[in-house]
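Quick mapping for you: the protein sequence lines, in order, are chains X and E.
Residues in the first sequence are numbered consecutively from 28, following the numbering used here.
Residues in the second sequence are numbered consecutively from 28, following the numbering used here.
These notes are about the structure you will find just below.
2 protein chains.
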Amino acid sequence: MRDGANWSDARRRRASMREVAELANVAISSVSRVLSGHPDVSSDMRERVLEAVAQLEYEPDFLAQSLRRGATLSVGWVIGDISNPLMAAITSGAESVLRGAGYSMLLMNSENDPDLDAAHIRFFQTRRVDGMILSLASERRPSTLEVLSHVDVPIVVVDREVPEHLHASVVRNDHRPGIRAAVEHLVDLGHRRIALITGALDLWPVRERIAGMHEALAGRGITDETITLTGSLSAEHGEAATEEILRMDPRPTAIIAGGNQVLAGCVRALTRHGVSIPGDMSFVTCDEVALSELHTPPIASVGRDTVALGRIAAELLLKRLTGVSEPEMVILPTTFTARASCAPPAAGSR
Amino acid sequence: MRDGANWSDARRRRASMREVAELANVAISSVSRVLSGHPDVSSDMRERVLEAVAQLEYEPDFLAQSLRRGATLSVGWVIGDISNPLMAAITSGAESVLRGAGYSMLLMNSENDPDLDAAHIRFFQTRRVDGMILSLASERRPSTLEVLSHVDVPIVVVDREVPEHLHASVVRNDHRPGIRAAVEHLVDLGHRRIALITGALDLWPVRERIAGMHEALAGRGITDETITLTGSLSAEHGEAATEEILRMDPRPTAIIAGGNQVLAGCVRALTRHGVSIPGDMSFVTCDEVALSELHTPPIASVGRDTVALGRIAAELLLKRLTGVSEPEMVILPTTFTARASCAPPAAGSR
DNA sequence: GATCGTGTCGGTACCGTTTCCAGTTTCGAT
DNA sequence: ATCGAAACTGGAAACGGTACCGACACGATC
Numbered sequence: 028m029r030d031g032a033n034w035s036d037a038r039r040r041r042a043s044m045r046e047v048a049e050l051a052n053v054a055i056s057s058v059s060r061v062l063s064g065h066p067d068v069s070s071d072m073r074e075r076v077l078e079a080v081a082q083l084e085y086e087p088d089f090l091a092q093s094l095r096r097g098a099t100l101s102v103g104w105v106i107g108d109i110s111n112p113l114m115a116a117i118t119s120g121a122e123s124v125l126r127g128a129g130y131s132m133l134l135m136n137s138e139n140d141p142d143l144d145a146a147h148i149r150f151f152q153t154r155r156v157d158g159m160i161l162s163l164a165s166e167r168r169p170s171t172l173e174v175l176s177h178v179d180v181p182i183v184v185v186d187r188e189v190p191e192h193l194h195a196s197v198v199r200n201d202h203r204p205g206i207r208a209a210v211e212h213l214v215d216l217g218h219r220r221i222a223l224i225t226g227a228l229d230l231w232p233v234r235e236r237i238a239g240m241h242e243a244l245a246g247r248g249i250t251d252e253t254i255t256l257t258g259s260l261s262a263e264h265g266e267a268a269t270e271e272i273l274r275m276d277p278r279p280t281a282i283i284a285g286g287n288q289v290l291a292g293c294v295r296a297l298t299r300h301g302v303s304i305p306g307d308m309s310f311v312t313c314d315e316v317a318l319s320e321l322h323t324p325p326i327a328s329v330g331r332d333t334v335a336l337g338r339i340a341a342e343l344l345l346k347r348l349t350g351v352s353e354p355e356m357v358i359l360p361t362t363f364t365a366r367a368s369c370a371p372p373a374a375g376s377r
Numbered sequence: 028m029r030d031g032a033n034w035s036d037a038r039r040r041r042a043s044m045r046e047v048a049e050l051a052n053v054a055i056s057s058v059s060r061v062l063s064g065h066p067d068v069s070s071d072m073r074e075r076v077l078e079a080v081a082q083l084e085y086e087p088d089f090l091a092q093s094l095r096r097g098a099t100l101s102v103g104w105v106i107g108d109i110s111n112p113l114m115a116a117i118t119s120g121a122e123s124v125l126r127g128a129g130y131s132m133l134l135m136n137s138e139n140d141p142d143l144d145a146a147h148i149r150f151f152q153t154r155r156v157d158g159m160i161l162s163l164a165s166e167r168r169p170s171t172l173e174v175l176s177h178v179d180v181p182i183v184v185v186d187r188e189v190p191e192h193l194h195a196s197v198v199r200n201d202h203r204p205g206i207r208a209a210v211e212h213l214v215d216l217g218h219r220r221i222a223l224i225t226g227a228l229d230l231w232p233v234r235e236r237i238a239g240m241h242e243a244l245a246g247r248g249i250t251d252e253t254i255t256l257t258g259s260l261s262a263e264h265g266e267a268a269t270e271e272i273l274r275m276d277p278r279p280t281a282i283i284a285g286g287n288q289v290l291a292g293c294v295r296a297l298t299r300h301g302v303s304i305p306g307d308m309s310f311v312t313c314d315e316v317a318l319s320e321l322h323t324p325p326i327a328s329v330g331r332d333t334v335a336l337g338r339i340a341a342e343l344l345l346k347r348l349t350g351v352s353e354p355e356m357v358i359l360p361t362t363f364t365a366r367a368s369c370a371p372p373a374a375g376s377r
């Protein structure tokens, strides 16, 4: 004499496979066979079991399945800073692919701290994820590499360079052509002193962007005027480096911000000092964000498809999760978009 | 005669508690007691077990523990769009708190699709998360509410309003005072026709912002000039609505963008039509982003601490995960920051 | 009529823990 | 010396499934 409402109440204990078996009057193993689509099942059996399943609102326990099968259908995602729109876009791309394949994504923020990278990787390892996607805060931190070498599940590295022996799949952007195009554009406009504000050398994109700038300058026969301000990919460094540039004599006539956080710091400093873009300073940024297109004037930028970056990272991982044992590498392009933030340098500063 | 390298090779099978027990020559249950800090353990026993643990590099299997204990130490996080910086900031705040408490965060993007909301919640339920934090795409979709009523773990809802009977904890912003201050500021500058571009009415912030605007206008004795363009909180709607506003006659003299995506659309449309801010149109946006501060001119905005929003959501969930059975509600403030994007309307349009 | 394959099904040994229960020892108190 | 409680330990039953193995019935085959 139980009423319908209580019978389907959320708080009641969930049914187990054993109860289904008892209700259907069959063996537990038969229930398992029916539910997992095993061929050795008569239609009569299938019907009885499915009816019991429906009546008890049974659903299999994911934990028990995972323990028995040795797979959790989950992947760990270590990211430098989720609140960075770039990283968020990568995450978004990866998440949708993983979700489509039935995997779920465990997210951990490393706050761009290399030590947390290592800690998170270890954590995921004990959490028994089936694979990991990593956007490391530093490629060279020994503790991270040490931990990585003990990981026994497939790894995909996003826009980073890691030692071969880790057997990680990799998806990267080819940052050089984009930067090269940007620098050539500036040089063609008449700029000679171009400053690149960027992060530390333990990140692949940073090294490649610097290399791309050198390539472009060398290609145009300019060898001694490269100005590179490395630091961190943060607004603070962008702001401080811009201040430093503004104090230089002779002053650079163009700035390339090596990331969207750096961009914010640069714009803040330039605005504060009343430096007009592009009148007093030409300006290029790396990685397209809302600000670059909507700024007045719009800011020329070296862009890339970040959602694709995440999507492909997830696809590479899925490949290895479904049997492919050899790691792969995918390189995605970057493209330069000229905008009104670049103009010939003021006559006096040439 | 195995060499050291292979012995510590990552690919070897991980040791189980049984192997530890055999090596230490004790019962499995004793190993468990030592590792879980049970008081009934002799120091001799502890020593033997710990040595075996070290020698085998044993670490407990999280899956088996979860199955046995009935807790997974993981929480599900359903979010409308992770690539929205606002949502990303909330996520960041929540993640760091959860991480600090030993929980991991399962992230699923609903792509602002209410049907995916429901699907994800169900998915998390079968995944056996210990709790969920939800930023629903729609508060009113029956399928979502139906699924929610069957959830048997604690729920926290972020900046949304859900029926009492779901027993969800809630953290929300009080959007009215912020918008009210913004509108009053505009009115005091001389504006009478103020347009609010916002999303659909099935979201708490949308309703509250509209209400806040009405309150402010009524407070100033303006009753018949409220212009509200509801749609979605997207750049497309922001752009289309702005176009519509520009065609109105008499034309509104101020626009309030009801979100950061809307903001992007608005700015794009205004720029394309050569509408100058604040000369031709005063402008306010909701939710601070890089663009609002760094735009020329800087854009006045109704801001809030989004990281705190996420942090408190996580804290509310942790409370309920550690025994507190009654749901709670926390309200966080919003504040208006006046900036150069607001000025008195042009003489002709008063 | 014995043999054999095939389609079904039940029994049971796991997966790796936790925890309860019962048994043994130790030890201070009477 | 004896008793009882407390400290310690091992065995085994869970947790909720999966999958292998063997049993059985049945028809087909020679």
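C-beta atoms are modelled at their ideal positions from N, C-alpha and C, and glycine is treated no differently.
Inclusion of S110 of chain E and A128 of chain X in the CB contact set at 8 Å is not warranted, their separation being larger than that value.
Under the DSSP assignment, R199 of chain X falls in the beta strand (DSSP E) whose first and last residues are S196 to N200. Closer than 8 Å to the CB of P305 of chain E there is not a single CB belonging to chain X. Chain E has a Cβ within less than 8 Å of the Cβ of M132 of chain X. Among the residues facing chain X, F310 of chain E is not included, as its CB has no counterpart in that chain under 8 Å away. Here I358 of chain X is exposed. Its C-beta has fewer than 16 other C-beta atoms within 10 Å. Residues of chain E with a Cβ closer than 9 Å to the Cβ of R347 of chain X do not exist, since the nearest Cβ in that chain sits about 14 Å away. Think of a sphere of 8 Å around the beta carbon of I339 of chain E: no beta carbon from chain X falls inside it, the nearest being about 16 Å out. Taking C-beta atoms as the reference points, G337 of chain X and T118 of chain X count as a pair closer than 8 Å. As DSSP reads the structure, W104 of chain E sits in a beta bridge with E:L134 and E:I160. For I109 of chain X, a Cβ of chain E is located within less than 8 Å of the residue's own Cβ. Scanning its chain for C-beta atoms nearer than 6 Å, with the 5 sequence neighbours on each side dropped, one finds around A341 of chain E the residues A121, V124 and L125, in chain order. Counting C-beta pairs with one atom in each stretch, the region 293-310 of chain E and the region 230-242 of chain E have fewer than three that are closer than 8 Å, which means they do not touch.
It is roughly 24 Å from the alpha-carbon of R347 of chain X to the alpha-carbon of S63 of chain X. DSSP, reduced to helix, strand and coil, places I182 of chain E within a strand of the structure shown.
At a cut-off of 8 Å between beta-carbon atoms, H322 of chain X makes contact with chain E. What M135 of chain E touches in chain X, judged by beta-carbon distance under 9 Å, is E122, R126, S131 and M132, going in chain order. DSSP places A370 of chain E outside both helix and strand once states are collapsed to three, so it counts as coil.
The criterion of a C-beta distance shorter than 8 Å is not satisfied by D157 of chain E and L90 of chain E.
Look at S309 of chain E here: in three-state DSSP terms it is strand.
G350 of chain E carries a coil assignment under DSSP once its states are collapsed to helix, strand and coil. Annotation: R167 of chain X to G258 of chain E spans about 48 Å, alpha carbon to alpha carbon. Of the residues assessed, G107 of chain E falls on the buried side of the cut-off, its CB having 16 or more other CB atoms within 10 angstroms. If you draw a straight line from the Cα of R219 of chain X to the Cα of H212 of chain E, it comes to about 47 Å.
Collapsing the DSSP output to three states places M275 of chain X in coil. Looking at the DSSP output, T364 of chain X shares a beta bridge with X:S328. Contacts with chain X at 8 Å (Cβ-Cβ) do not include V289 of chain E.
With at least 16 other beta carbons inside 10 angstroms of its own, D144 of chain E counts as buried. Of the residues assessed, E263 of chain X falls on the exposed side of the cut-off, its CB having fewer than 16 other CB atoms within 10 angstroms.
Taking C-alpha positions only, D307 of chain E is separated from T280 of chain E by approximately 7 Å.
Residue contact check for F363 of chain X against chain E: no CB pair falls below 8 Å.
For the set E:P190, E:V178, E:R203 and E:P305, the Cα lying nearest the Cα of G239 of chain E is the one of E:R203.
Using a Cβ distance threshold of 8 Å, G205 of chain E and T312 of chain E do not count as a contacting pair. Identification of chain E residues near P66 of chain X by a Cβ-Cβ cut-off of 7 Å yields none; the smallest Cβ-Cβ distance measures about 25 Å.
Of all residues in the region 153-178 of chain X, the ones placed with a Cβ closer than 7 Å to any Cβ belonging to chain E are T153, R154, R155, S176, H177 and V178, in chain order. Taking a cut-off of 8 Å on C-beta distances, the region 50-62 of chain E touches the region 78-93 of chain E, as three or more cross pairs fall below it.
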